[in-house]
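Asks: First the structure, then my questions, so here it is.
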Amino acid sequence: MKMKEIVIRRRMWGRGNTGGFLRNVEGKQCCLGFVCRAFGVPLNAVAGEVMPAQLGAYRASLPKWLLVDSDKADVVKAADINDALDLADDERELKITAIFKKHGLRAVFKP
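Counting along the sequence shown from 1, when you hit position 67 you're at 198 in the numbering used here, and nothing is skipped either side.
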């Protein structure tokens, strides 16, 4: 099975800040924002939202793992890793890559 590629552009990646958004007012996206965009969710829909489960009508186009409402869910783990204050980017990227891979996604980090 071919893995869906999720390109995370570091210059547009909001990370290392608690309480992040899928897309913040500066236009930075968390790792989950990039996933939502790759599944067809428009920029204006992810702006100001915290988690993919909040995307209303766009939820149907998203993989089910993004919509699980549990502290132990991979979507929550990915958000926590993305926002963690104490992780270096290389470690953050490895952890996000591992979670994405479990769900058939290939994270590609670019400048």
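Here a beta-carbon is modelled for each residue, glycine too, at the ideal position from N, C-alpha and C.
Per DSSP, which one or two residues make a beta bridge with Ile-137?
Replies: DSSP lists Ala-238 as partners of Ile-137.
Asks: List the residues that DSSP assigns as beta-bridge partners of Trp-144.
Replies: DSSP output for Trp-144 lists Gln-160 as bridge partner(s).
Asks: Taking Ala-178 as part of the alpha helix (DSSP H), name the residues at either end of that continuous run.
Replies: No alpha helix (DSSP H) holds Ala-178; DSSP gives it neither H nor E.
Asks: So Val-206 and Leu-163 are supposed to be a Cβ contact under 8 Å. How far apart are they, rounded?
Replies: At roughly 7 Å, the Cβ-Cβ gap stays under 8 Å, so Val-206 and Leu-163 are in contact.
Asks: When DSSP builds the beta bridges, which residues end up paired with Arg-154?
Replies: Arg-154 pairs with Gln-160 and Ala-178.
Asks: Please return the same chain residues whose Cβ sits closer than 8 Å to the Cβ of Gly-158, not counting the five positions on each side in sequence.
Replies: Correct list, in chain order: Met-143.
Asks: Classify Thr-149 as helix, strand or coil using the three-state DSSP reduction.
Replies: Residue state, collapsed to three classes: coil.
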